[in-house]
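Visitor: When you line the first sequence up against my numbering, it's residues -1 to 465, in that order. Questions regarding the structure given below will be posed in turn.
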Amino acid sequence: MTLQLYNTLTREKEPFKPLSKERVTMYVCGPTVYNYIHIGNARVFVFFDVVRRYLQYRGFDVTYVQNFTDVDDRLIRAAAEEGTTVPELAERYIRAYFEDMDALGVQRADVHPRATEHIPGMVEGISRLIEKGYAYERDGDVYYRALRKDDYGKLSHQSVEELKSGARVEVDEKKENPLDFALWKKTKPGEEIAWDSPWGKGRPGWHIECSAMVKQYLGDTIDIHAGGTDLCFPHHENEIAQSEAWTGKPFASYWLHNGYMNMGSEKMSKSLGNIVRVKELREEYNPRALRYFLLSAHYRNPISFSDESIRQMESGLERFDTATVNLSHRLETALQGEAAPEVMARLDELTRNFETAMDDDLNTANAISVLFEAVHFANELVSQSVVPKGSLEKTMEWIQRYGGEILGLVEDPGDQSLEAEIESLIEERQQARKNKDFQRADAIRDELAERGILLEDTPQGVRWRKK
RNA sequence: GGCGGCAUAGCCAAGUGGUAAGGCAGAGGACUGCAAAUCCUUUAUCCCCGGUUCGAAUCCGGGUGCCGCCUCCA
């Protein structure tokens, strides 16, 4: 079995063949940092975090780059409204972005380049495009000549005629053709943020930043380029056009696009104003439940946001957590011994199922169902009267590896020590139970429950977990 | 107008030819001093109508409803 990926470029699932045997280059379009991100934005970052982890699990040395768009119209506008500067605003929301990502368990990319730190690369690219006849300057602005190459529209599968007749493309007197797009924008009066260029003071257009940063960090051709579906056109379409014109080589082998987050039946988007920010959500819900929610459906399908859904995810998450706590409790008293062969066979089977799910276009929904099967298996082991330590350890390792390291949904139960006072209350309760003083025993259990410690009596002694 | 997607149990959600994964919630049972956790059992005319096929949630045709892209947006 090899990994199959649905490629937007071909509209088919294709076997994944990276350019190099052991290295994978991956670029995901990051946020424009003029505000906090919402749960729909987070979907992309969480999902591709899992993709990266899975590729690593599969033995690839992944180089993962994700940019920050830290200068554009919206930043300029937002900075003006808030009475601050563009760099200050960008800095603030970059920090906020990382706080959100940390809460959601998203690992850092290898590089998080910022557009404003790569202006020279963009200027160079634009110059090359002009030299090659793919771009033209008009009064301080530079535009890309979309129709110069006849494959414009190949990613979004729109013919040039269709795009034109869409009639929603911005009309700009300066453009030779409505489909042309800005590579460089001349500074407008009152704008403070600007860079020198051969065409005068200005700033880059949106699309060129990704082309320049991809080229600098990952090369002319990369393996995977990804983002939300809404970036497919025009952003990614324009990126392909200008990058391939610039380098003369294919830009990316696989284009992956996420489905949307919906509110009710409508797409969640900043322009519709129906957004829910991660920053607020993570105060209300377990952030891991948010991560679980984002991975609970196949990435190309839409997900509808609802309070009920997240609550359901929180309940499901408890099942993971209980299982690992119960495993570690059972490990304390388990007899030494190697893992039973049938346990190893079952774990191997689960591994195959997990890989099958992920290999089939990164089906996290199915991968999670395999994780639940592993949890079920663990629960069965834990309740057996005799079980060798090795069986428990291997099962725990499996759950940590697939549920934790790859999916990022399972946490290590860690060192479970309690305060001395609580320990002595537990001890007192055990004495009370021995003396059949169940009233006292139950009172202690209730008291601890109120303090967030749930006690459970098992054949291996009292077990506790935090609520 | 062009291109594309979705419709599966109370809820979430896999499954794209061989008589429906998984989770949440509910019900019953086991275990327990009682609980909890866990385990067992249980809940689906797969939007509608035709067609192809020995066989369709899955393929084809036609409907109905919803959504997206073609403009900034992850």
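The beta-carbon is built from N, C-alpha and C at its ideal position, and this holds for glycine as well.
1) Can you tell me the Cα-Cα spacing of T450 and Q382, whole angstroms?
2) Which of the three DSSP states, helix, strand or coil, is assigned to I117?
3) If you follow the beta strand (DSSP E) that W182 is part of, which residue opens it and which one closes it?
4) Please return the same chain residues whose Cβ sits closer than 7 Å to the Cβ of Y215, not counting the five positions on each side in sequence.
5) Mapping the DSSP letters down to three states, classify D139 as helix, strand or coil.
6) What would DSSP say about T354, mapped onto helix, strand or coil?
7) One question on the structure: do K183 and G200 come within less than 7 Å of each other, judged by their Cβ atoms?
8) Answer yes or no: do G28 and F66 have a C-beta to C-beta separation smaller than 7 Å?
9) Quick check: the segment 283 to 301 against the segment 309 to 321, are there 3 or more CB pairs under 8 Å?
10) Between G257 and N39, what straight-line distance do the alpha-carbon atoms span, to the nearest angstrom?
11) Hey, how far is the Cα of V84 from the Cα of D68?
12) Tell me the DSSP secondary structure of A250 in three-state form.
13) Identify, in the order they occur along the chain, each residue of the same chain with its Cβ nearer than 7 Å to the Cβ of G151, setting aside the five sequence neighbours on each side.
14) Select from E278, A441, T322, D100 the residue whose C-alpha is nearest the C-alpha of D47.
15) Which same chain residues end up closer than 6 Å to R298 when comparing Cβ atoms and leaving out the 5 residues on each side of it in sequence?
16) What residue range does the alpha helix (DSSP H) around E174 cover?
17) Measure the C-alpha to C-alpha separation of Q37 and T349 and round it to an integer number of angstroms.
18) On the premise that A243 lies in contact with Y132, defined as a C-beta separation below 8 Å, what is that separation, rounded to the nearest angstrom?
19) In its own chain, which residues sit with a C-beta less than 6 Å from the C-beta of T354, not counting the 5 before and 5 after it?
20) Alpha carbon to alpha carbon, how far is E445 from F436?
21) Kindly identify the DSSP beta-bridge partner or partners of E264.
22) Beta-carbon within less than 7 Å of S125's beta-carbon, same chain only, minus the 5 sequence neighbours each way: which residues are those?
23) In three-state DSSP terms, what is A224?
24) Cβ atoms of V368 and N351: under 7 Å apart, would you say?
25) Is it buried or exposed, S241, if we count other Cβ atoms within 10 angstroms and call 16 or more buried?
26) Helix, strand or coil for T393 per DSSP?
27) In angstroms, rounded to a whole number, what distance separates the CA positions of Q398 and H233?
28) State the DSSP-derived secondary structure class of H36, mapped to helix, strand or coil.
29) Quick test of the definition: if touching needs 3 or more C-beta pairs under 8 Å, does the segment 251 to 269 touch the segment 376 to 392?
30) Run through the segment 319 to 382 for me and flag every whole alpha helix (DSSP H) of 4 or more residues, listed as ranges in chain order.
31) How is P16 classed by DSSP in three states: helix, strand or coil?
32) My assumption, with CB atoms under 8 Å, is that H205 sits in contact with F179. Please give the rounded CB distance.
33) In terms of residue numbering, what span does the alpha helix (DSSP H) encompassing L87 cover?
34) Please report how far the alpha carbon of D148 lies from the alpha carbon of G123, in whole angstroms.
35) Given A192, which residues of its chain have a CB within under 8 Å of its CB, disregarding the five upstream and five downstream residues?
36) Using the DSSP secondary-structure output, state which residues sit across from A133 in a beta bridge.
Guide: So, to answer that:
1) The amino acid occupying residue 450 in the given sequence is Gly; Thr does not appear at that position. About 28 Å.
2) helix
3) 179 to 184
4) V63, V109, P111
5) strand
6) helix
7) yes
8) yes
9) yes
10) 11 Å
11) 8 Å
12) strand
13) S157, V158, L161, E235
14) D100
15) G257
16) Where E174 is concerned, there is no enclosing alpha helix (DSSP H), given that its DSSP letter is neither H nor E.
17) Checking the sequence, you will find Ile at residue 37 rather than Gln. Their Cα atoms are separated by approximately 30 Å.
18) 4 Å
19) none
20) 14 Å
21) M261
22) P196
23) strand
24) yes
25) buried
26) helix
27) 38 Å
28) strand
29) no
30) 339 to 357, 362 to 380
31) coil
32) 7 Å
33) 84 to 101
34) 20 Å
35) T185, K199, G200, R201
36) Y142
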